[in-house]
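First the structure, in the form of structure tokens, and then the observations on it.
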Amino acid sequence: MTGREDSKHQDEIIAGRHPVLEALKAGREIHKIWIAEGVQRALIQPIEAEARRRGIVIQTVDRRRLDQLAQGIAHQGVAAQAAAHRYAELDELLEAAEAKGEPPLLLLLDEIEDPHNLGSILRTAECAGAHGVVIPKRRSAGLTAAVYKASAGAAEFVPVARVTNLAQTIDRLKERGLWIAGADAGARDDVYRADLTLPLAIVIGSEGRGIGRLIRDKCDFLVKLPMFGRINSLNASVAAGVLLYEAVRQRTAALEAAGGSGLSPERDG
Numbered sequence: 012m013t014g015r016e017d018s019k020h021q022d023e024i025i026a027g028r029h030p031v032l033e034a035l036k037a038g039r040e041i042h043k044i045w046i047a048e049g050v051q052r053a054l055i056q057p058i059e060a061e062a063r064r065r066g067i068v069i070q071t072v073d074r075r076r077l078d079q080l081a082q083g084i085a086h087q088g089v090a091a092q093a094a095a096h097r098y099a100e101l102d103e104l105l106e107a108a109e110a111k112g113e114p115p116l117l118l119l120l121d122e123i124e125d126p127h128n129l130g131s132i133l134r135t136a137e138c139a140g141a142h143g144v145v146i147p148k149r150r151s152a153g154l155t156a157a158v159y160k161a162s163a164g165a166a167e168f169v170p171v172a173r174v175t176n177l178a179q180t181i182d183r184l185k186e187r188g189l190w191i192a193g194a195d196a197g198a199r200d201d202v203y204r205a206d207l208t209l210p211l212a213i214v215i216g217s218e219g220r221g222i223g224r225l226i227r228d229k230c231d232f233l234v235k236l237p238m239f240g241r242i243n244s245l246n247a248s249v250a251a252g253v254l255l256y257e258a259v260r261q262r263t264a265a266l267e268a269a270g271g272s273g274l275s276p277e278r279d280g
């Protein structure tokens, strides 16, 4: 179960000028917007204009009220009460790729618990044109206000599927013709030797632990990023960005090279 189940959850708080404005532009169901007393009107004018156009209530409150609503988030004097985010179904991610006539490019996140990492990954995924992101329900950050803030509004535009079992989801994606590439520091080959033009799902593991053993074993191939410094690992969101844009580079080159070979590996079994 994914989207239908989670859509019943309680309303959410979106905080920050850009996240609130992007939520409005995306047509998100917004119940109310709070604006702190004394905030510069020029900075929030686009929000006020869009809210009034849609008939959304705007309430001026003491800044301490926003501090309570968006605890720990730099709200910039603006917050909104929005209907709970609807997580996408897995099939919707694949349909998004099909609608664009592109081979699927997905990210599977294995226990990314830091909301700032998740937000940054969503931002990069949106910029790189990924067709969606898959997160597990357990041991993973969800689409919280902190994630929205870190994504700079991208969370409104990247389909996110939330699944019960990531290993079973990988099996389903394989049945649909996708290849599974795991980002792993112990991989034999670096990412620049891999074919990322395939219908592909890239697995990114948590910082410190990396990809879990069961998930790693289910990957069709593993790739690593070459390391030349004294630190042997990258932030998960940075690693996701490098891998996504290598996929973008390869796919763009394949399109430009009319009739390019595009050889694919053979999957065992």
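Note that our numbering gives residue 230 to position 219 of the sequence shown, counting from 1, and the numbers run on in steps of one.
Cβ atoms here follow ideal geometry from the backbone N, Cα and C, with glycine treated the same way.
- For H42, the enclosing beta strand (DSSP E) stretches over residues I41 to A47.
- In this structure, the CA atom of Q261 is about 28 Å from the CA atom of R224.
- Per DSSP, reduced to three states, the secondary structure at G130 is helical.
- Counting along the chain, no beta strand (DSSP E) covers A95, and no H or E run does either.
- For E23, DSSP records a beta bridge to A93.
- The alpha-carbon of L129 is positioned some 32 Å away from that of G49.
- Judged by their CB atoms, I132 and A91 are not nearer to each other than the 8 Å cut-off.
- The beta carbon of E124 lies closer than 8 Å to those of R150, S151, A152 and S217 in the same chain, with the five residues before and after it left out.
- According to DSSP, residue pairing for K235 in a beta bridge involves D201.
- With a contact defined as Cβ atoms closer than 8 Å, P237 and D195 miss out at about 13 Å.
- Residues of the same chain with a CB within less than 8 Å of the CB of K148, apart from the 5 flanking positions on each side, are R173, V174 and T175 in chain order.
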